[in-house]
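Notes to accompany the following structure.
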Amino acid sequence: MIIILKPEITTESYEFEQLKGYLEQFKDVKLQIAEYQGMTRKVIEIHLIGDTQKIPLEVVQSLPGVEKAIRVSSKYRQIGRHGQLEPIGFDYNGLHFDQNSFHIFVGPCAVDTPEYVEAMFKAMKENNVRTARMGAYKPRTSPYDFQGHGKACLPWVFELAGKYDVAVIAMEVLAPQHIDEIFEALEKTGHPTGVMLQIGTRNAQNFELLKAVGSQQEFPILYKRGMGLTLEESLNACEYIASEGNHNIIFCLRGVRTHLGDPHRNLVDFGHVPVVKRLTKLPVCVDPSHPIGSRVQAPDGIKDIYHVAAQGVVAGANMVIVEFHPEPSKALCDGPQALFLEELPCFLEYLDTARSAYLEMRNIVARHTMHQMAPKP
Ligand code: PEP
Ligand code: MN
1 MIIILKPEIT
11 TESYEFEQLK
21 GYLEQFKDVK
31 LQIAEYQGMT
41 RKVIEIHLIG
51 DTQKIPLEVV
61 QSLPGVEKAI
71 RVSSKYRQIG
81 RHGQLEPIGF
91 DYNGLHFDQN
101 SFHIFVGPCA
111 VDTPEYVEAM
121 FKAMKENNVR
131 TARMGAYKPR
141 TSPYDFQGHG
151 KACLPWVFEL
161 AGKYDVAVIA
171 MEVLAPQHID
181 EIFEALEKTG
191 HPTGVMLQIG
201 TRNAQNFELL
211 KAVGSQQEFP
221 ILYKRGMGLT
231 LEESLNACEY
241 IASEGNHNII
251 FCLRGVRTHL
261 GDPHRNLVDF
271 GHVPVVKRLT
281 KLPVCVDPSH
291 PIGSRVQAPD
301 GIKDIYHVAA
311 QGVVAGANMV
321 IVEFHPEPSK
331 ALCDGPQALF
341 LEELPCFLEY
351 LDTARSAYLE
361 MRNIVARHTM
371 HQMAPKP
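Residues in the sequence shown are numbered from 1 upward in steps of one, following the working numbering.
This is the structure we're talking about:
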């Protein structure tokens, strides 16, 4: 069961204490508080876990301070929608993320040289983009490949990000200590930017890491679907994160591994954008770089990465994360799929057009639905 509190009630309110007192008589039921902070309001929920059958819904519903009580049959009790209020999303470093917002994160696969990182941030600034991606810790298939510069590069990356007014960098973490290293480097440099902790596809079911990112409140999380996992397994992994207390999660589709995706690197799974939006409150991201894996282009002159990015956006994606590099042939990781810095304005305009098309398509459907529902003369 989930109890949603009225907007004016906090965990300090008298009504909250009364409600808690009432619920504590049910001995086999554990209480968990979940708080969601949106742009205009905060929602506090009490999640009841255990044998909740004997708790009378109508009684709970009528208690002071309760806006709504719902019995949840869904397994996604934290990230699920449960038909309650519209999902509110979250704010981070001046930006808002929810199922209606739209952001484009650009940057190299891995942090390499200060010159390349600065060139990337500079191009972003020139194109009014404040959301970046780049890994300091890289999970590589071979132990002999570049593993990322690790914590050593963090101070200069963050300082350069501050110089070019970058608000958020999506950065993969491979182990719980990387979260502390990122936090320490931000502290040391005076928080010139923000970080979204990325859980990569290879760690999609690393439960200790999921619990570690979930049990901190400093950073939001970008969770990338497991390349060999069902959607249900990946959503359950997000449930792990949220059940530790952090609900600021974005779910990223990045393709799944199967030879049926050949000649692409992975099979594009962006048809799941509306599915994730329907099943959960989470904003949904698409990563067109990793499913495609190269800069190949169609006879229409448009690269496959552009084509599938637009497919994700037209399906309603709230975020696109894509790899760019100032000199892809010299990139230490994923160079073949990095887009050229010079094409950043083109890519942004292309995606803005796809986003406008999506918004217009949504209006068309809403208008026709209203028309169909209007009483017939
Ligand atoms: C990445 O974003 O560079 C990355 C390694 O992604 P994924 O975990 O989806 O392969
Ligand atoms: Mn990569």
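Beta carbons are placed, not taken as given, at the ideal position from N, Cα and C, and that holds for glycine.
(1) What whole-angstrom Cβ distance do residue 108 and residue 324 have, given they're in contact under 8 angstroms?
(2) By how many angstroms is the C-alpha of residue 212 removed from the C-alpha of residue 244?
(3) In this structure, what does DSSP give as the bridge partners for residue 91?
(4) Less than 7 angstroms between the CB of residue 91 and some heavy atom of the ligand MN, yes or no?
(5) Report the CB separation of residue 174 from residue 137 in whole angstroms; it is logged as a contact under 8 angstroms.
(6) To the nearest angstrom, report how far apart residue 129 and residue 29 are at their CA atoms.
(7) Can you have a look at residue 333 and say buried or exposed, based on whether 16 or more other CB atoms are within 10 angstroms of its CB?
(8) Sort 149, 195, 226 and 263 by Cα distance to residue 203 and report the nearest one.
(9) If distances are taken between C-alpha atoms only, which option among 231, 367 and 238 comes closest to residue 271?
(10) Any heavy atom of the ligand PEP closer than 7 angstroms to the Cβ of residue 265?
(11) Measuring alpha carbon to alpha carbon, tell me which of 290, 291 and 249 ends up nearest residue 280.
(12) Report the CB separation of residue 162 from residue 192 in whole angstroms; it is logged as a contact under 8 angstroms.
(13) Indicate, with yes or no, if the ligand PEP has a heavy atom lying under 7 angstroms from the CB of residue 325.
(14) Here's the rule I'm using: 16 or more other beta-carbon atoms within 10 Å means buried, otherwise exposed. How should residue 79 be labelled?
(15) Is the beta carbon of residue 256 sitting closer than 8 angstroms to the one on residue 228?
(16) Tell me which residues share the same chain as residue 125 and place their Cβ nearer than 7 angstroms to its Cβ, disregarding the 5 neighbours each side in the sequence.
(17) Could you have a look at residue 227 and say whether DSSP puts it in helix, strand or coil?
(18) Restricting to Cα atoms, I'd like to know which of 373, 48 and 63 is closest to residue 9.
(19) So is residue 238 buried or exposed if we call it buried at 16+ other beta carbons inside 10 Å?
(20) Mapping DSSP to helix, strand and coil, what is residue 222?
(21) Have a look at 285, 2 and 135 and flag the residue whose alpha-carbon is nearest the alpha-carbon of residue 153.
(22) Can you give the beta carbon distance from residue 291 to residue 308, rounded, assuming they're within the 8 angstroms contact cut?
(23) Do residue 4 and residue 67 have their CB atoms nearer than 8 angstroms?
(24) Roughly how many angstroms lie between the CA atoms of residue 69 and residue 278, to the nearest whole one?
(25) Taking buried to mean at least 16 other C-beta atoms within 10 Å of its own C-beta, is residue 355 buried or exposed?
(26) I'd like to confirm something about residue 103: is its beta-carbon nearer than 7 angstroms to some heavy atom of the ligand MN, or not?
(27) So residue 266 packs on residue 168, CB below 8 angstroms; how close in whole Å?
(28) Can you look up residue 319 in the DSSP assignment and give me helix, strand or coil?
(29) Examine the ligand PEP and report whether any of its heavy atoms sits within less than 7 angstroms of the Cβ of residue 172.
(30) My assumption, with CB atoms under 8 angstroms, is that residue 158 sits in contact with residue 185. Please give the rounded CB distance.
(31) Would the C-beta of residue 149 count as close to the ligand MN, meaning under 7 angstroms from any of its heavy atoms?
(32) Run the CB neighbour count on residue 317, radius 10 Å, all protein chains shown included, and call it buried at 16 or more, exposed below.
(33) Is DSSP giving residue 378 helix, strand or coil here?
Result, derived from the coordinates:
(1) 7 angstroms
(2) 8 angstroms
(3) 96
(4) no
(5) 5 angstroms
(6) 47 angstroms
(7) buried
(8) 226
(9) 231
(10) no
(11) 249
(12) 2 angstroms
(13) no
(14) buried
(15) yes
(16) 164 and 165
(17) coil
(18) 63
(19) buried
(20) strand
(21) 135
(22) 7 angstroms
(23) yes
(24) 20 angstroms
(25) buried
(26) no
(27) Incorrect: roughly 25 angstroms between the Cβ atoms, too far for contact.
(28) strand
(29) yes
(30) 6 angstroms
(31) no
(32) buried
(33) The requested residue 378 is not part of the displayed model; the chain covers only 1 to 377.
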